[in-house]
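>
Residue numbers (UniProt numbering): 1 to 766.
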């Protein structure tokens, strides 16, 4: 006797991102495929065609007219397939380079939004005898008439579910339908069918609503009446925690020979993959989202449109292919597929060499980024419609950094490749089979990076100046040629009203100080600007009896300021003296100084009395410059945490960008939540998965300390690090020793405010 078994999905989660393993998503995708084929997943023809096109991409890869027609001729994926075949093929053309894993994810994303997703009908009749269908899902019970949903009873509304012979009973809480109509009754074909549906309801409620599987009650009597059934499997919450415990520690169940030395090389290669995913998403902010915004409003001049996207589009297309290659190699390397040939693919050097050589072709595009950034800035000042679209786009969640920051990413990415390849070359033994390819790839990318290094320094400075130009009121032409940004931060200025909090900005030719506005834009209002020529800065703590105090003497006025710590004071004095020395040597020191604007003060006496009072009237200066308040920019974080950041700190942060999955500990339980985490611009950005288009939350790290948990923390897990600032404490778990050390390294570079030396951490500490 030959028995045929079929794998079938019982619980359909509302979010496929909760399916944490690629293989699990593949199995769910197969279930959707069968539901579509058997006409259980009712949907519009367009949606059916889109689903089928993704299934086609899974099966045969990229679009090919002959291959598509042949496959669809031999296989029926959807009822009435002939009628929508051309639409299926049209959609399939749009999925070029999409991996099977990505296609599976898209199938689940589309299916979960459908009304019939995961629905299994149980025929019944209501009290009037009308034929209906009952179904159970993650949110509760559903009632259908034909294929149309007519009612939903959420679990929170249901007090009890039971059945008596063929009658299925739903008892509701009294506040839902009042005390006189708290029980709904449905008639099913037989007692067995009624019991099957009741058991399914119990299982769904336990799986989706409970934290732990219910414990069996002790039986008080020898004999009982009626059915007794309890769900005995893991709940959804338990499965999530179990899966991630297994993912984190499964690698350590291998033998020593399997774990080393390939383990570290694998995680270095995985870092390339993870950061490449983030990099591609960053490029999409420009190529997909910003392009859509300017086209919709017809806001960008045609010449600039061509200049911008003819430069960025080829780079984006190249990296789409590169990411696909990395994904496939890492899958083969660690046995997610083709395990029998895994040994032949435990290397990354050949992939890196091939693509670093190909990157040389894009050097010309990258050299034009200077022109692109400059022309975009000019156009936003010249074209009002573009300025409005630009500012509105920066308000969108997908634009999680200042927009022009994304234009720097392609050149910055070259520096990342160089650093990661250096780390890989140091790890490999001289005779390792992958060493030669890695060294050649490093040589190629180092050559391109060297050509673009000066351009990157210039672009980063220009980007910072334009960002400040939008955030400051009362000063124009901050991006004047030759001006360099040096440091920004919070100091307390001594006035006739005592110490007043101010933001200071040090440039190569002047020092600005500002206060924070009270308008909706949250911009900073300039109160004074001092030329560096002839300036003197010296410690004056003993003279004024104010801790961490120093005096700044200039030709215009003298101001006394206090820092939050001695370390901060030393940073400011050191950078001020360095900038003053540089300005003495500059022949253009007087040409670069700006004329005082309407918001400046002409005498020190006036500024001491009025600078704190004028803040409430500063809205007049900001009406024409409505820029949104982005709370995670260094300017706002420095203000709130009484610290400062230099341009050298910015450059170091660029080198230390990182992405990957981490587990974050819940504050009030022992559970851990898996998050996709991106570290950039001194900030952690948190996503559900790497496919998400925008972050759920962010955590600026300036002022935080990073360490391993102590005994008092009660965290007895491997690879856990602790972030701490005042009363705020967070714990995160990494998946390996290497990734743990990398997260510690990059976060220390941004979080530590203990001193300048702490920022100059070694490039390789392991």
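Even glycine gets a Cβ: it sits at the ideal position worked out from N, Cα and C.
Suppose you measure from the CA of residue 638 to the CA of residue 90; what does that come to, to the nearest Å?
Answer to the nearest angstrom: the Cα atoms are 51 Å apart.
> Using a threshold of 7 Å, state whether the C-beta atoms of residue 491 and residue 389 are closer than that.
No. Outside cutoff.
> In whole angstroms, what is the alpha-carbon distance linking residue 132 and residue 119?
The straight-line gap from Cα to Cα measures roughly 14 Å.
> According to DSSP, is residue 156 helix, strand or coil?
If DSSP states are grouped into helix, strand and coil, residue 156 belongs with the helices.
> Would you be able to state if there are at least three C-beta pairs under 8 Å between the region 653 to 662 and the region 488 to 505?
Touching, no, given that fewer than three Cβ pairs across the two stretches are closer than 8 Å.
> According to DSSP, is residue 773 part of a helix, a strand, or is it coil?
The first residue shown for the chain is 1 and the last is 766, placing residue 773 beyond what the model contains.
> Tell me whether the beta-carbon of residue 138 lies closer than 7 Å to the beta-carbon of residue 159.
For residue 138 and residue 159, no; Cβs fall outside 7 Å.
> Residue 441 and residue 510: beta carbons closer than 7 Å?
It is not a contact, given that the beta carbons lie outside the stated cut-off.
> Starting from the C-beta of residue 184, find all residues in its chain whose C-beta is less than 6 Å away, skip the five residues before and the five after it, and write them out in chain order.
So the list reads 170, once near-sequence residues are dropped.
> In its own chain, which residues sit with a C-beta less than 8 Å from the C-beta of residue 324, not counting the 5 before and 5 after it?
So the qualifying residues of the chain are 97 and 99.
> On the CB-based measure, 16 or more other CB atoms within 10 Å of its CB, does residue 140 come out buried or exposed?
It counts as buried.
> How is the alpha helix (DSSP H) around residue 92 delimited, first residue to last?
Taken as a continuous stretch (DSSP letters only), the alpha helix (DSSP H) holding residue 92 covers 81 to 92.
> Considering only residues of the same chain and omitting the five flanking positions on each side of residue 514, which have a CB-CB separation below 7 Å?
So the qualifying residues of the chain are 472, 502, 503, 524, 525, 526 and 527.
> Tell me which same chain residues have a C-beta within less than 8 Å of the C-beta of residue 87, skipping the five on either side of it?
Cβ within range, chain order: 45, 46 and 49.
> Only counting the same chain, and skipping five residues up and downstream in sequence, which positions put a Cβ closer than 8 Å to that of residue 313?
Result list for residue 313: 287, in chain order.
> Compute the beta-carbon to beta-carbon distance between residue 268 and residue 424, rounded to the nearest angstrom, for a pair I have assumed lies under 8 Å.
With a Cβ gap of about 5 Å, residue 268 and residue 424 count as contacting.
> Going by DSSP, which residues form a beta bridge with residue 728?
Per DSSP, 725.
> Please report the residue range of the beta strand (DSSP E) in which residue 145 lies.
It spans 140 to 145 - the beta strand (DSSP E) in which residue 145 sits, taken as one unbroken run.
> Suppose contacts are defined by Cβ-Cβ distances below 7 Å. Is residue 489 in contact with residue 644 by that definition?
Cβ atoms of residue 489 and residue 644: closer than 7 Å.
> Can you grab the Cα-Cα spacing for the pair residue 499 / residue 566, in whole Å?
Going from the Cα of residue 499 to the Cα of residue 566 covers about 17 Å.
> So, under 8 Å CB-CB, residue 92 and residue 126 are touching, yes? Tell me the CB distance rounded to an integer number of Å.
That belief does not hold up - the Cβ atoms of residue 92 and residue 126 are roughly 44 Å apart, past 8 Å.
> State the DSSP-derived secondary structure class of residue 745, mapped to helix, strand or coil.
Here residue 745 sits in helix by DSSP.
> Would you tell me roughly how many angstroms separate the C-alpha atoms of residue 380 and residue 299, rounded to the nearest one?
Taking the straight line from one Cα to the other gives about 10 Å.
> Which residue marks the beginning of the beta strand (DSSP E) containing residue 538, and which one marks its end?
Per DSSP, residue 538 belongs to the beta strand (DSSP E) from 536 to 539.
> Drop a sphere of 10 angstroms on the beta-carbon of residue 4, count the other beta-carbons inside from all chains shown, and report buried for 16 or more, exposed for fewer.
Exposed, by the Cβ-count rule.
> Starting from residue 133, trace the beta strand (DSSP E) in both directions and tell me its first and last residue.
Unbroken beta strand (DSSP E) run through residue 133: 131 to 136.
> For residue 580, which residues of its own chain have a beta-carbon under 6 Å away from its beta-carbon, when the five flanking residues on both sides are left out?
532 and 535, listed in sequence order.
> Should residue 225 go down as buried or exposed, given a rule of 16 or more other Cβ atoms within 10 Å for buried?
Note that residue 225 has pLDDT 48, beneath the 50 cutoff, so the model's placement of it is unreliable and the number below is only indicative. Its Cβ having fewer than 16 others within 10 Å, residue 225 is exposed.
> Round the Cβ separation of residue 537 and residue 573 to the nearest angstrom and send it over; I've been treating them as touching at under 8 Å.
Contact flag correct, Cβ pair sits at about 5 Å.
> Which word fits residue 506, buried or exposed, when buried means at least 16 other C-beta atoms lie within 10 angstroms of its C-beta?
Answer is buried; the Cβ neighbour count reaches 16.
> Grab the span of the alpha helix (DSSP H) containing residue 410 for me, first residue to last.
Unbroken alpha helix (DSSP H) run through residue 410: 405 to 427.
> My output table needs one value for residue 709: the three-state DSSP class, helix, strand or coil.
Correct three-state label for residue 709: coil.
> Reducing DSSP to helix, strand and coil, say where residue 448 ends up.
DSSP places residue 448 in helix when its eight states are reduced to three.
> Alpha helix (DSSP H) containing residue 172: first to last residue?
Element bounds for residue 172: not the alpha helix (DSSP H) but the beta strand (DSSP E), 167 to 172.
> Just to confirm, is the Cβ distance from residue 770 to residue 508 under 7 Å?
Residue 770 cannot be examined here, being either before or after the span of the chain that is shown, 1 to 766.
> Ignore the nearest five residues each way along the sequence and tell me which others in residue 737's own chain have a CB closer than 7 Å to its CB.
Closer than 7 Å at the Cβ level, and outside the excluded window around residue 737, lie 719.
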